[in-house]
Amino acid sequence: MIKKPDDMKGMKIRVLPSEVHSRFFELLGAVPMRMDLTQAISDIQNGTLDAQENPYTNTTTYGVHQYHKHHTVSNHFYISRAIMCNRTQFYDWPEQLKQAIIASAEEAIHWQRNQIETDVKEAEKLILDAAGQIHNLTVEETALFKEKIAPLYSDAGEQFGDIPFDLLENN
Numbered sequence: 017m018i019k020k021p022d023d024m025k026g027m028k029i030r031v032l033p034s035e036v037h038s039r040f041f042e043l044l045g046a047v048p049m050r051m052d053l054t055q056a057i058s059d060i061q062n063g064t065l066d067a068q069e070n071p072y073t074n075t076t077t078y079g080v081h082q083y084h085k086h087h088t089v090s091n092h093f094y095i096s097r098a099i100m101c102n103r104t105q106f107y108d109w110p111e112q113l114k115q116a117i118i119a120s121a122e123e124a125i126h127w128q129r130n131q132i133e134t135d136v137k138e139a140e141k142l143i144l145d146a147a148g149q150i151h152n153l154t155v156e157e158t159a160l161f162k163e164k165i166a167p168l169y170s171d172a173g174e175q176f177g178d179i180p181f182d183l184l185e186n187n
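Residues 17 to 187 in this note's numbering are what the sequence shown lists, from first letter to last.
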C-alpha cells in the first residue's frame with residue numbers, strides 16, 4: 017500500500033503517455049512507464065508492471081483491479097475533457113442556436129459530474145468485492161507527496177503562470 021513517497025521508490029508504474037505524468041512519478045522515485053492502459057494490461061497481468069495510476073472506473077473497466085489489490089487515493093491529477101468548436105463559426109450562428117448549444121453543454125456537464133459519483137461508488141464496490149484494499153491519503157501523507165513534487169509546480173508555473181494553481185488551491 018502506498019502511503020508515502022518512499023513506498024514508490026523503484027516501482028514500475030504505468031502512466032499516461034505524458035511528460036508531466038512521467039516527471040511527477042520520477043520525482044516520487046518511481047519508474048514511470050508511459051503507455052496506453054490497453055497496452056499495459058498484459059504487463060500488469062504478468063507482474064512486469066508494479067502499479068498503474070488511473071481512476072477507479074478505468075481500473076475496473078479494464079479488469080486491473082483483479083491483479084492490483086492495493087489502491088491509494090491521492091487525487092494527484094484532475095483531467096477533464098473540453099467541449100470545443102470553431103470560435104468564428106460559433107459566433108456566426110444564430111443566437112438561438114448558440115444559446116441552445118451552451119445550455120446543452122451545461123446540462124451535459126452537470127449530468128456527467130453527477131454520473132461520475134455513481135460510477136466511482138460502483139467501481140469502489142467492485143474493487144472491495146474483489147478483495148481489494150483502498151487507502152485515502154491523509155492530509156499529512158498528502159503533504160509529503162506535495163513536498164516531493166514541488167519542482168513540478170515551479171516548472172509548470174514558469175510555463176502557465178500562477179492562475180491555474182491559484183484556482184486549484186482555492187477550490
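For glycine and all other residues, C-beta sits at the position ideal for the given N, C-alpha and C.
Rounded to a whole number of angstroms, what is the C-alpha to C-alpha distance between residue i and residue j?
i    : j    : result
N152 : P167 : 24 Å
A172 : H37  : 12 Å
D52  : I60  : 12 Å
M100 : R39  : 28 Å
D188 : T73  : Outside the shown range of the chain (17 to 187) lies residue 188, about which nothing can therefore be said.
M27  : Q131 : 33 Å
With a threshold of 16 other CB atoms inside 10 Å of the CB of residue i, please say whether the residue is buried or exposed.
i    : result
V31  : buried
V89  : exposed
F161 : buried
I125 : exposed
I18  : buried
T54  : exposed
A159 : exposed
N62  : exposed
T104 : exposed
Judging by CA-CA distance, which residue of the options is the nearest neighbour of residue i?
i    : options              : result
H84  : L65, R97, C101, F93  : L65
T154 : T76, Y72, Y78, N91   : N91
E138 : P71, S34, Q115, E157 : P71
Thinking residue i and residue j are a contact (beta carbons under 8 Å), I'd like their distance in whole angstroms, please.
i    : j   : result
I143 : H81 : 5 Å
E157 : K20 : 6 Å
Enumerated in chain order, which unbroken segments of the alpha helix (DSSP H) with a length of 4 residues or greater are wholly contained in the stretch 44-99? 53-61, 72-77
Which runs of the beta strand (DSSP E), 3 residues or longer, sit entirely within the stretch 104-152? 149-152
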